[in-house]
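Enquirer:
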Amino acid sequence: MAYELRLDPKKAGRGKFVGLSLVVKVLLLGLLNAMAFWAGVVLFTQKHYWLVAFLLFGAVAIDYIYLTERTYPLRFILPGTLFLLVMVVYPMVYTIYISFTNYGTGHLLSKEMVIAQYTNRDMLRKDLPTYQVEVFKNTADEFAFLLTEKTGVQLVAVDGKTFSLTTAPLTPIDADGDGEYERLGDYERQSLLSIFPYLSQLQNLTYEHQGLRLKMRSPNEFAYFTRRYQYDPGRDVLTDLETQTDYVAVDGNFVAHNGESLDVGYKTVVGWRNFRNLFTDRRYFDPFLRVFLWTVAFAFLSVVETFLLGLFLAVLLNDNDLKFRGLYRALLIIPYAMPAFVTCLIWRGFFSTELGIINSALLVPLFGKAIPWFQDPFWAKVAVLIVNLWLGYPYMMLICSGALQSIPRELYEAAMVDGAGGWKRFRTITFPLLLTQVVPLLISSFAFNFNNLNVIYLVTRGRPPIPGSLTPTGATDILISYTYRMAFETGSGGNYGLAAAVSLLIFLLVCLITVFNIKSSRLFREVPQYD
Amino acid sequence: MKRFVLLLLCLLVLGGTVVPVLASEEGKLLIWADDTRAGIMRELAGEFTAKYKVPVEVQELNFGDIRDQLSVAGPAGKGPDILIGPHDWLGQLIVNGLIEPIDLGVKEKDFTPVAIAAFSWGDELYGVPYAIESIGLIYNKKLVPQAPQTWEELRTIGAKVANRSAQRWGFCVPHPDPYHEFPIMSAGGAYVFGNNPDGTLNPDDIGLNKKGGVEGMRLLKALIDDGIMPLGVDSNATTTLFKEGKVGMVIAGPWVLEDVRKAGVDYGIAKIPLIDGKRPRPFVGVQGFMISAFSRNKMLAKAFLDEYVITEETMLALFEKGARPPVYIPALNAVKDPDAKAFYEIASEGVPMPSIPEMNSVWSAWSNAIELIFNGKLTPEQALDEAVAQIRTAIEQGRK
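Okay, here's the thing in structure tokens:
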């Protein structure tokens, strides 16, 4: 059937193959819609209305486009575009928003939530008596309580009010005369065990007694509680009723006159503060430049070394006279197939100064001297570059191998006729023609290494530290690991606002470098000259 | 068609990420625990449900995710009623408004004081502690028959055991790893944060560069210089050395014991030797149960902890599965295991790991200082002064 289709796809439109494909298509679209619907309901219950709208739009658009012949080309573009919006554009917009807020540890909840938390906070009145409680329940699952103070005073609590035994609307009944009441009116006494399923209901019941609030403290005890905080929306002030202190809402915190603030702050927009701190605070800006230079060097050197080694191996493997080419190729791909995490950790063990195999089995026996790999800034940088070389060359080898195949044989033959040697052929034919094809990949590799947190973090953690720096900075820290330190290892940790601000700067930097690279790489796109 | 399959796969992945985290539901308890505790909690939950007719669900999360997910799931009205974690999460959870004070009443007296202190914030208790952990001296009885009592003895024994050409060392403390270096510094009076008059920690009083800290660093550096201790060995490498019988004594926690036993090393556990007649005090970590501020079943959660968790049987069951010594005194008295008893002894003399969120500013600078000292780039005084300055900067920066 597939053969028939290849012969004449138009004609096949009437065949049973398309009938089948239509069924499959409708089935899959149906499945997609069902999933979208399900996800929509879930998101709706979680109040992510924007996502619901987007999902709805996406699902309808996909249905329309795949069921209409006219929109045929869109079939290939739309899914990608939708995912681009969700996975790239949305996180970017969100990051920009976060970079203008104080979102982070201590500023996680919205202001309303923080106010609600404080004003709902109940404080146990330790100066007032507590009551032993017996729980009674009627058939409608409503509750009444018999409260007994240490002094023996008894109260009946029902319907939000309290009564003395004699005035209570419910008559206590002690049928068997053992001194304990089995019933309060039509409410029946409950065992401690049996009230557990109702505790979440019971915890919210409060009873007024002489102007004070009585409520359950534990399944067998009632106590008096008061509110500790009061909020005044007019002045935007939370008042601690116990100490009569006013806490004014300022920039994400409730602050008292003496500068003390409440534990919980709220999330709010702080304008350019994160960026201002970055640029005006020498403590952050000083190491920034140093880290930036190493980042560029690291990314650039990583690309160059992996490319050169990859190219060298690709040219070798391209030689038809080489025996066991397949075997070599397979072996050389292995570093690419191994998970980078594992590789990084293994290399880290190799480099260990006293226990590592590189020093103990190679350098000490051969040269009688160990290299302080992770103690010396220079060698730490070399170590990171070696690991990255190991991780990166198979990729370069692969793309170079591919590119080599596409260079026309005739060029070499012509060159040979003209008497060009091997090196000259490589320099004037292979290299320039190869470069036109791989330059975009080299640029993307540069951008990737610019943010290559894995290698840095797993191999050196940015170490060794730089003595005398004002903030903890390491000699192999690149911008992204430095950002991590700043955002998560300063202050209270988890400063997402600052992290977003720095990420945004890194994003702009990478953009600039990439644009510049693409612009300048146009040079390579010119037809190479053969001299 | 391929495209469709791809699209479907993508949507499945997307679908997977929006699957709601189980939410706190009225009348039903949800507990978040990591893989080391989810199993035992499930067993206990089953028993609780049978007795009290309250459904309890235990959800297993990665250890670190419990804290991080709570900050997302809690405010969104989801998340658990009860979570299990170490006390040093406290500060971050409290300033984020994520957990609820717990009132234990008279039962507070049944717990080891250091455990209650660890879960206290101001004058409120924010968790029910159940286990304690800390680090001590673990020694290989074949190489070191008798544990040293003083630092001088440790040096003498270490020097005897160490043999460079055989790749054997006398002593090792993982580094740069402030958690493991702290006891050596604390013996002489160094501390991370000083105390306010009301007993809370004062993030403006940083005492790492006090005399004891400098002295402790000098002692360790001397061990490296004399070839008694290897340089640049982290905690994994330390355990490996110990398992292979290549080091006489290490500073490590009970979590390495299982590996050590499997490797067949005959080991002993002792307190870290006295420095100048003073006892090194390690950080103490306390594990416990906390109640989410967003729980709809706070009373039920408290009752679950009160009636069911704070019992000898439950506390012992938690000990059996986790091997961390209990802090509930009746359960502790019933424990027979000598390793657990030894580590309990060590931990009860320790300092609770500071739980204020400012602790985040400390690790990196402190770790750098240790590294610079051990690498010989700075003297202990210089490095620790610099670290304290960096920590101060970082804390101030966080306040802006």
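In the order they appear, the protein sequences are chains R and H.
So the first sequence is numbered by this note's numbering: it starts at 1 and just counts up by one.
So the second sequence is numbered by this note's numbering: it starts at 1001 and just counts up by one.
Note that the Cβ used here is the ideal one computed from N, Cα and C, for glycine as well.
1. Note down the Cα distance separating G326/R from L332/R, rounded to an integer number of angstroms.
2. State the start and end residues of the unbroken beta strand (DSSP E) segment that holds D1306/H.
3. Specify the secondary structure class of Y1191/H as computed by DSSP and reduced to three states.
4. Per DSSP, what kind of secondary structure is Q190/R in: helix, strand or coil?
5. Using a C-beta to C-beta distance shorter than 9 Å, which residues of chain R count as neighbours of D1103/H?
6. Tell me, to the nearest whole angstrom, how far the beta carbon of G1077/H is from that of N1297/H; I am working on the premise that it is less than 8 Å.
7. Counting along the chain, where does the alpha helix (DSSP H) carrying K1341/H start and finish?
8. Given a threshold of 16 other Cβ atoms within 10 Å of its Cβ, counted over all protein chains shown, does A175/R qualify as buried or as exposed?
9. For S261/R, which residues does DSSP report across the bridge?
10. What residues in the stretch 1225–1259 of chain H bring their beta carbon closer than 7 Å to a beta carbon of chain R?
11. On the CB-based measure, 16 or more other CB atoms within 10 Å of its CB, does Q132/R come out buried or exposed?
12. Do we get a CB-CB distance below 8 Å when we pair D1204/H with the residues of chain R?
13. To the nearest whole angstrom, what separates the beta carbons of V1250/H and T1240/H, a pair I think is in contact under 8 Å?
14. Quick one: any contact between the stretch 1322–1335 of chain H and the stretch 1150–1168 of chain H, if contact means 3 or more CB pairs under 8 Å?
15. Would you report the Cα separation of P335/R and L385/R, rounded to the nearest angstrom?
16. DSSP state of D127/R, grouped into three classes?
17. Might you give, ordered along the chain, the residues of its own chain that have their beta carbon closer than 8 Å to the beta carbon of L1316/H, omitting 5 neighbours on each side?
18. Rounded to the nearest angstrom, what separates A1131/H and R121/R at their Cα positions?
19. Have a look at Y181/R and P129/R and give me their C-alpha separation to the nearest angstrom.
20. Please name the residue in A1050/H, R1042/H, P1075/H, D1068/H whose C-alpha comes closest to that of Q1059/H.
21. Quick check on E1381/H - is its C-beta less than 8 Å from some C-beta in chain R?
22. I'd like to know whether the C-beta atoms of E1133/H and G1285/H end up nearer to each other than 8 Å.
23. Does DSSP put L238/R in a helix, in a strand, or in coil?
24. Can you say whether H257/R is buried or exposed, counting buried as having 16 or more other CB atoms within 10 angstroms of its CB?
25. Go ahead and label L241/R buried or exposed: buried means 16 or more other beta carbons lie within 10 angstroms of its beta carbon, across all protein chains shown.
26. Would L1083/H and W1032/H be called neighbours here (beta carbons separated by less than 8 Å)?
27. Would P287/R be called buried (16 or more neighbouring beta carbons within 10 Å of its own) or exposed?
28. State the Cα-Cα distance for the pair G1350/H and N1202/H, rounded to the nearest angstrom.
29. Could you tell me whether the Cβ of E1371/H comes closer than 8 Å to any Cβ of chain R?
30. In its own chain, which residues sit with a C-beta less than 6 Å from the C-beta of A487/R, not counting the 5 before and 5 after it?
31. Which value, in whole angstroms, describes the spacing of the CA atoms of K519/R and H1175/H?
32. Apart from the five residues on each side of it in sequence, which residues of its chain come closer than 8 Å, Cβ to Cβ, to F196/R?
33. For R217/R, name the three-state secondary structure that DSSP assigns.
34. Specify, as a first and last residue, the run of the alpha helix (DSSP H) that E1152/H falls within.
35. Report yes or no: do three or more beta-carbon pairs, one from the stretch 1094–1102 of chain H and one from the stretch 62–76 of chain R, lie closer than 8 Å?
36. Could you tell me if A297/R is buried or exposed, where buried requires 16 or more neighbouring beta carbons within 10 angstroms of its beta carbon?
Expert: In terms of the structure at hand:
1. Locating residue 326/R in the first sequence gives position 326, counting from the first residue. Locating residue 332/R in the first sequence gives position 332, counting from the first residue. Each residue's Cα considered, the two are about 10 Å apart.
2. Reading the second sequence from its first residue, position 306 is the one you call residue 1306/H. No beta strand (DSSP E) holds D1306/H; DSSP gives it neither H nor E.
3. For the purposes of this step, residue 1191/H is identified with residue 191 of the second sequence, where counting begins at 1. It is a strand residue.
4. Here residue 190/R refers to the residue found at position 190 of the first sequence. In the structure shown, Q190/R sits in coil (DSSP, three-state: anything other than H, G, I, E or B).
5. Mapped onto the second sequence, residue 1103/H falls at position 103. Those are L124, R217, S218, listed as they occur along chain R.
6. Here residue 1077/H refers to the residue found at position 77 when the second sequence is read from its first residue. Here residue 1297/H refers to the residue found at position 297 when the second sequence is read from its first residue. In fact, because the Cβ distance is near 13 Å, the residues do not count as touching under 8 Å.
7. For the purposes of this step, residue 1341/H is identified with residue 341 of the second sequence, where counting begins at 1. That run of the alpha helix (DSSP H) goes 1338–1348.
8. For the purposes of this step, residue 175/R is identified with residue 175 of the first sequence, where counting begins at 1. Looking at its Cβ environment, which holds fewer than 16 other Cβ atoms inside 10 Å, A175/R is exposed.
9. For the purposes of this step, residue 261/R is identified with residue 261 of the first sequence, where counting begins at 1. Paired residues: V255/R.
10. The residues in question are P1230, L1231, G1232, V1233, A1237.
11. To locate residue 132/R, count along the first sequence from 1; it is residue 132. With fewer than 16 other Cβ atoms within 10 Å, it is exposed.
12. Along the second sequence, one-based indexing puts residue 1204/H at 204. Residue contact with chain R for D1204/H: absent (no Cβ-Cβ distance below 8 Å to any residue of chain R).
13. Locating residue 1250/H in the second sequence gives position 250, counting from the first residue. Locating residue 1240/H in the second sequence gives position 240, counting from the first residue. With 8 Å as the limit, V1250/H and T1240/H do not qualify as a contact, their Cβ atoms being about 11 Å apart.
14. When Cβ pairs closer than 8 Å are counted between the two stretches, the stretch 1322–1335 of chain H is seen not to touch the stretch 1150–1168 of chain H, the count staying below three.
15. Along the first sequence, one-based indexing puts residue 335/R at 335. Along the first sequence, one-based indexing puts residue 385/R at 385. Going by the C-alpha atoms only, they are around 15 Å apart.
16. Your numbering for residue 127/R matches position 127 in the first sequence. Reduced to three states, the DSSP call for D127/R is coil.
17. Translated into the one-based positions of the second sequence, residue 1316/H becomes position 316. Around L1316/H: P1326, A1331, A1334, V1335.
18. Start at 1 with the first residue of the second sequence, and residue 1131/H comes out as number 131. Start at 1 with the first residue of the first sequence, and residue 121/R comes out as number 121. If I take the Cα positions, the gap works out to 29 Å.
19. Within the first sequence, residue 181/R is the residue found at index 181, counting from 1. Within the first sequence, residue 129/R is the residue found at index 129, counting from 1. Spanning the two alpha carbons is a distance of roughly 22 Å.
20. Residue numbering aside, residue 1059/H sits at position 59 when the second sequence is read from its first letter. Closest by alpha carbon: R1042/H.
21. Numbered from its first residue, the second sequence carries residue 1381/H at position 381. Chain R contact via Cβ: absent.
22. Looking up residue 1133/H in the second sequence gives position 133. Looking up residue 1285/H in the second sequence gives position 285. Closer than 8 Å, so yes.
23. Locating residue 238/R in the first sequence gives position 238, counting from the first residue. DSSP places L238/R in strand when its eight states are reduced to three.
24. For the purposes of this step, residue 257/R is taken as residue 257 along the first sequence, with counting starting at 1. By the 10 Å Cβ count, H257/R comes out exposed.
25. The residue you call residue 241/R lines up with position 241 of the first sequence. So L241/R ends up on the exposed side.
26. Along the second sequence, read from residue 1 onward, the residue named residue 1083/H stands at position 83. Along the second sequence, read from residue 1 onward, the residue named residue 1032/H stands at position 32. The answer is yes: Cβ separation under 8 Å.
27. Your numbering for residue 287/R matches position 287 in the first sequence. It is buried - the Cβ of P287/R has at least 16 other Cβ atoms within 10 Å.
28. For the purposes of this step, residue 1350/H is taken as the residue at position 350 of the second sequence. For the purposes of this step, residue 1202/H is taken as the residue at position 202 of the second sequence. Taking the straight line joining both Cα atoms gives about 19 Å.
29. Position 371 of the second sequence holds residue 1371/H. True, the Cβ-Cβ gap to chain R drops below 8 Å.
30. As a position in the first sequence, residue 487/R is number 487, starting the count at 1. N495, L498, A499, listed in sequence order.
31. Residue mapping note: residue 519/R aligns to position 519 of the first sequence, counting from 1. Residue mapping note: residue 1175/H aligns to position 175 of the second sequence, counting from 1. In this structure, the CA atom of K519/R is about 47 Å from the CA atom of H1175/H.
32. Taking the first sequence and counting its residues from 1, the one referred to as residue 196/R is at position 196. Same-chain partners within the cutoff: P219.
33. For the purposes of this step, residue 217/R is identified with residue 217 of the first sequence, where counting begins at 1. Correct three-state label for R217/R: strand.
34. In the second sequence, the residue the question calls residue 1152/H occupies position 152. Element bounds for E1152/H: 1151–1161.
35. Three or more beta-carbon pairs separated by less than 8 Å are not found between the stretch 1094–1102 of chain H and the stretch 62–76 of chain R, which leaves the two stretches without contact.
36. As a first step, residue 297/R is located in the first sequence; it is residue number 297 there, counting from the start. Flag for A297/R reads exposed.
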